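Beneath this line is the structure, given in structure tokens, with notes to follow.
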Amino acid sequence: MRRGGIVSTDIYLNVAVSGVLTGLVYGLMALGLSVIFGVVRVVNFAHGEMTTVAMYFAVVLFATLGLDPLLMMVPIAGVLFVFGYAMQRWLINPFISRPEHSQFILLVAVAIILANGLLIVFGPDARSVQTSYAFDSFKIGPLIVDATKAFAGLAAIAVAAALFAFFRFTRLGTAIRACADNYTGAQVIGLNVPRLYALTFGLGAACVGAAGAMLALVTDVTPPLGPSFTLLAFVIVIVGGLGSMSGALAGGILIGVIAALAGLFYTPSAKGMFVFAILVLVLLFRPQGIFGRRA
Amino acid sequence: MNRNLHSGDNRITRRTVTAGLGASVVAGIAPFNIVRAQDATLKVGVLLPRSGAQAGIGQDCQRGVDIAAGLLKELGMPPLQIMNGDTETSVEVARSRAEKMISDGAQVLVGAFDSGQSTAIAQVAEQKGIPYVINIAAAPQITEQGYKFVFRNFPTAGMILADAFANQKEIFEAAGAAPKTAVFMHVNDTFGTAMKGGIGAVMPKFNMPYNLVETIAYDPTSRDLSVEVAKAKATGADALLMVSRLNDAILITRELVKQRWSPMAILSMGPGWYEDQYLKTLGKLSDGPLSFVPWYDPNKPMSKKLDEALAKAHPGVNLNTNHVYTFEALLVAADAFKRARSTDPKALADAIRQTNITDNVSPGPGIQFNEKGQNDKLKDSAIQNRGGKLVTVAPKVAANAKVEWPMTPYDKRG
Amino acid sequence: MIARLAENVSLRAAIALVLLLLALFVAPWFANDYLLTVLILIFYFAYTGQAWNIMMGFAGQLSLGHAIYIGLGAYTTAVLFSFFGVSPWVGSFAAILLAALWGAMIGFLAFRFRVGGVYFAILTIAFAEFARIGFDHLSYVGGSAGFFLPVANYTQSDLWTLRGKPIMFYYLSLGMTVAAVVLCHIMVRSRLGYFWKAIREDEEAARAVGINTFRYKLIAVVISAAMTSLAGVFFAFYYNNLFPEEVFSINRSIELILAPIFGGLGTLFGPILGAFMLTGLAETLTTTLAALGVDVPGAKQVFYGICLLLVITVLPEGVWPWLYRRLGLAGRSE
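Keeping their order, the protein sequence lines are chains B, Y and F. According to my numbering, the first sequence is numbered sequentially starting from 7. According to my numbering, the second sequence is numbered sequentially starting from 84. According to my numbering, the third sequence is numbered sequentially starting from 262.
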């Protein structure tokens with residue numbers, strides 16, 4: 007019989023690894039936000055609801071077609087891309103030049119519509135995706151690694167890498183980065199900024215789509231899940247660094263691990279406090295984030 | 084950012100009465116009419132959280148309302164006119180809905196599952212002198228306020244705990260074994276924290292054979308409980324004592340499987356571990372947990388009738404606490420109406436206070452209220468998940484099966 | 262000073278305002294309790310919206326964590342009343358002090374470290390969430406199990422302890438709202454108001470002209486925080502139970518800024534109009550859907566969201582500026 011507090015290193019290791027893996031997936035979700043906020047400069051308060059929609063897609067596809075969410079990642083990302091593109095092009099575009107509080111209300115309204123729409127369509131009960139390997143875990147030495155988390159984590163890395171390659175090596179990606187770095191300059195050289203913004207939002211939404219598919223694997227979905235995801239995404243983006251893709255993933259890992267360890271050492275219900283304390287410290291002392299560049 | 088603000092906005096200029104005020108006037112003005120005549124039907128306002136965070140439970144309670152009408156008619160009860168309301172899981176909305184229902188003529192209020200919303204409604208009911216029958220809410224304070232019009236046919240957190248410990252001892256005796264250590268995990272919300280507080284007060288009185296080696300509280304919005312389960316596993320305790328909600332129950336069970344820990348028993352003193360969603364989602368992995376909860380007495384004839392009515396209206400849905408206590412709240416209203424023979428709220432309240440329904444569903448001698456408006460004779464049961472169904476294993480008078488002990492380890496379930 | 266406040270107020274405007282106040286004052290004689298409850302809710306949102314408006318509309322700082330002041334005000338007075346028998350009127354001083362200190366701290370940290378715009382908004386969210394989780398674990402006030410104020414009889418209204426009938430709360434909330442509007446009017450007309458306007462229009466230029474932007478922004482934050490805490494006091498004594506999940510929640514922060522943004526930021530009557538319209542909209546939707554027999558949980562919120570979306574897209578500055586122009590009230594230039 008052990009009193010809490012005297013725990014073996016196995017636990018720390020397991021918890022840390024678990025934190026890293028889930029952190030990667032949340033990091034991918036946050037990556038979507040980083041892309042959107044970094045380029046389009048819109049505060050996407052419907053980010054969590056978009057993630058929830060993606061999760062429901064995964065659930066429905068799995069329930070009807072029996073297809074693994076990780077395979078469905080691409081089509082779901084595609085659908086979310088279209089959704090994000092459309093939303094930016096036709097709904098949000100006029101708000102780019104408007105003050106933040108207006109953008110905020112617009113997206114809060116979108117969030118309310120999405121969350122309650124999901125409630126009407128799917129009902130309030132939790133839905134999940136239970137694949138055949140849902141309960142498997144890998145035993146690597148003293149580590150017991152959850153299979154779904156492992157796959158989701160790897161998928162997150164893959165998607166992030168693909169996105170990184172896009173922005174680094176394609177013309178379109180470079181154009182988008184140009185927009186972000188220098189709005190006026192971009193216009194001057196003739197880039198179609200509204201279209202690029204819409205594309206970017208679409209890309210961000212696609213990230214969310216992929217992340218949502220992975221999250222559906224790891225946890226259950228209910229309609230009111232949105233706000234906690236939105237908050238988490240913002241925390242990760244700010245801590246990791248705006249405009250930095252590796253920052254979003256690193257931020258995700260960092261927050262994931264810290265939250266997990268805080269839960270282990272202290273009381274799990276208070277791990278949020280640690281996360282927010284870190285956020286405050288970053289905002290005050292290193293607002294560009296750990297990996298961000300100073301504007 | 085461009086902040087183009089009107090000059091002159093800051094002057095006081097002519098105001099027009101706004102469309103909003105007009106709308107709210109149109110929406111709200113209705114003659115203040117509490118019906119005092121001898122009507123044939125009783126207007127019952129049912130307030131439940133049918134949207135918002137508690138939508139799942141609210142809509143489940145609604146099922147109890149839907150099947151009540153037919154059943155009450157069969158029992159020869161006078162007809163009820165049900166007014167359905169949604170509290171949207173918000174205290175403010177609960178309060179204004181309650182006011183609206185009363186001004187629309189509700190003579191009895193029923194609801195609202197959540198302690199916060201129920202408190203708001205209780206205040207309105209007390210002020211207006213309209214009887215309010217609480218279906219589900221465990222915060223003890225609600226019936227400690229000296230209200231004369233508020234009645235609760237549901238156990239308080241303290242009662243649930245006391246019965247839980249008593250039932251556990253009965254089970255240990257029947258099984259011939261008991262855990263020596265237990266780790267207590269609870270969700271850090273209203274109910275979970277109330278239960279944790281109660282354990283400190285109630286448990287010592289029962290001389291339980293096990294010690295609580297650790298208490299682990301977790302965040303209700305947590306999507307990932309691997310850390311919590313890892314901590315629990317690390318204590319090496321024999322049994323897992325739980326207070327959780329449905330989603331957490333599913334998450335925790337998955338973690339138990341993945342982290343390869345099968346406790347001797349899972350003793351849950353709250354919702355989640357017996358709910359349909361849990362059984363459906365986890366299939367074979369759902370067997371075994373014991374839940375110590377307000378339940379129904381399967382040996383009472385009314386329970387069987389309620390079960391049948393539910394099976395007809397909602398096949399595949401197991402009868403549970405939400406349906407039972409919501410139904411019983413309506414039963415109380417109808418029964419009081421029958422005896423009072425009037426829709427006058429004061430007469431109804433007096434009639435409710437005299438309630439003595441022995442042909443009911445919940446365990447115990449029946450539905451009666453003490454001077455605080457609380458039914459303190461309610462008994463809670465111990466149920467166990469078995470093959471996608473729920474059996475009652477304790478107390479003996481309300482039982483219909485023997486307990487399976489210890490719980491079959493997860494990795495041996497094929 | 263009265264003369265200076267009254268300048269630029271046309272006679273017609275003054276009469277209309279007085280008539281409106283009169284109507285609201287006698288409303289309890291004609292309205293049923295349900296309507297009173299709705300009006301109390303409207304005044305509550307109008308008041309909190311006005312308080313938030315000071316920080317955002319006048320000093321340009323977007324706070325998305327304003328619920329923290331409500332929570333501090335609520336819990337402080339609730340504890341003082343329940344455990345020490347202190348009247349909420351006296352307890353309010355403690356509430357104001359606590360909220361002001363907390364606001365000052367947030368403001369100081371933010372402005373000192375040059376945290377602005379969206380980052381400032383997120384900082385406020387972080388503090389509110391921190392407080393929420395903190396109070397969830399504070400067993401002295403019941404933690405997440407909730408804090409229940411002792412409720413007394415309802416046959417009399419006791420203004421000193423704020424126990425009583427809705428009508429008492431009606432006049433109290435009406436009074437608070439009127440006081441808030443008057444206070445804002447005075448502040449906006451004062452030197453303080455001019456400095457705020459300068460800071461809001463162009464902070465750099467204001468600093469260049471020698472205005473101590475740091476100090477005046479801080480003052481705005483502190484005043485806003487202090488005023489909001491009184492709404493918390495009202496909340497505690499009107500609902501009589503407090504749960505950290507509800508009181509400090511981000512949903513509460515969001516709901517109290519909808520009215521001022523919808524109605525018109527930076528204007529004196531924007532928050533009031535916004536509160537009337539949004540609360541009226543919500544209640545109308547619920548009633549209409551019920552009358553149409555539509556019993557779909559969540560439908561009302563979807564329509565609400567759509568209305569919000571449409572209005573904010575078409576009228577980005579809020580309804581009051583548009584209404585103001587439409588009614589041809591933008592006569593004299595100022």
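A virtual CB, placed ideally from N, CA and C, is assigned to each residue, including glycine. Here the structure is a predicted model, which means the values were calculated and not measured.
- Proximity of D380/Y to chain B, defined by a Cβ-Cβ separation below 7 Å, is not satisfied.
- In this structure, I98/B sits away from V21/B, with a CB-CB distance that is not shorter than 7 Å.
- F51/B: not part of any alpha helix (DSSP H); DSSP gives it neither H nor E.
- Within chain F, the C-beta atoms nearer than 9 Å to that of P293/B come from F374, R375, V376 and Y380, in chain order.
- Residues are counted here when their Cβ sits less than 7 Å from a Cβ of chain F; for the stretch 143-175 of chain Y these are N167, D169, V174 and E175, given in chain order.
- When C-beta distances to chain Y are compared with 7 Å, the residues of the stretch 488-500 of chain F below that value are Y500, in chain order.
- Secondary structure at R95/B: helix, using DSSP grouped into helix, strand and coil.
- For the set S250/B, G295/B and A161/B, the Cα lying nearest the Cα of L37/B is the one of S250/B.
- When secondary structure is reduced to three states using DSSP, H397/Y falls in the coil class, being assigned neither helix nor strand.
- Going by beta carbons, G524/F and L534/F fall inside the 7 Å limit.
- The stretch 128-136 of chain Y makes contact with the stretch 554-571 of chain F: 3 or more CB pairs, one atom from each, lie closer than 8 Å.
- Among the CB atoms of chain F, none fall inside 7 Å of the CB of H53/B.
- In this structure, V340/F is the residue among V439/F, G566/F, L491/F and V340/F with its C-alpha nearest to the C-alpha of F408/F.
- Per DSSP, the continuous alpha helix (DSSP H) segment holding V214/B begins and ends at V199 to V224.
- In summary, the residues of the stretch 361-389 of chain Y whose CB is separated from some CB of chain B by less than 8 Å are T364 and L368, in the order they occur in the chain.
- The Cβ of F141/B sits closer than 7 Å to at least one Cβ of chain Y.
- A277/Y belongs to the set of residues whose beta carbon lies under 7 Å from a beta carbon in chain F.
- Between the C-alpha atoms of A245/Y and V148/Y there is a straight-line separation of about 29 Å.
- Residues of chain Y whose Cβ lies closer than 7 Å to the Cβ of G269/B are, in chain order, V310 and E311.
- Around the beta carbon of L238/B, 16 or more other beta carbons sit within 10 angstroms, so the residue counts as buried.
- Under the criterion of beta carbons closer than 8 Å, K421/Y and M160/Y qualify as touching, at roughly 6 Å.
- Residue pairing of D419/F in beta bridges, as defined by DSSP: R424/F.
- The beta carbon of G403/F does not come within 7 Å of any beta carbon belonging to chain B, so the residue lies off that interface.
- Look at the stretch 457-476 of chain Y: it has no residue with a C-beta under 7 Å from a C-beta of chain B.
- Chain B places a beta carbon closer than 7 Å to that of V340/Y, counting this residue as a contact.
- Comparing alpha carbon positions, the residue from M437/F, G332/F and G368/F closest to F391/F is G332/F.
- The criterion of a C-beta distance shorter than 7 Å is not satisfied by A412/Y and V207/Y.
- Residues of the stretch 258-275 of chain Y that bring their beta carbon within less than 7 Å of a beta carbon in chain F comprise N271, D272 and T273, in sequence order.
- Under the Cβ criterion (8 Å, minimum of three pairs), the stretch 428-442 of chain F counts as touching the stretch 292-305 of chain F.
- For the pair A268/B and K231/Y, the Cα-to-Cα distance works out to about 47 Å.
- Inside the stretch 226-269 of chain Y, DSSP marks whole beta strand (DSSP E) runs of 3 or more residues at positions 233-235, from first to last along the chain.
- Every alpha helix (DSSP H) stretch that sits fully inside the stretch 361-440 of chain Y and reaches 4 residues is listed by chain position as 384-396, 404-423 and 428-436.
- Taking F282/B as the centre and dropping the five residues before and after it, the same chain places no C-beta closer than 7 Å to its C-beta.
- A distance below 6 Å between beta-carbons, with the five flanking residues on each side excluded, links F267/Y to the following residues of its chain, in chain order: L295, T298 and L324.
- Judged by pairs of C-beta atoms under 8 Å, the stretch 31-46 of chain B touches the stretch 204-222 of chain B, as three or more such pairs exist.
- A residue is called buried when at least 16 other Cβ atoms come within 10 angstroms of its Cβ; W421/F does not meet this threshold and is exposed.
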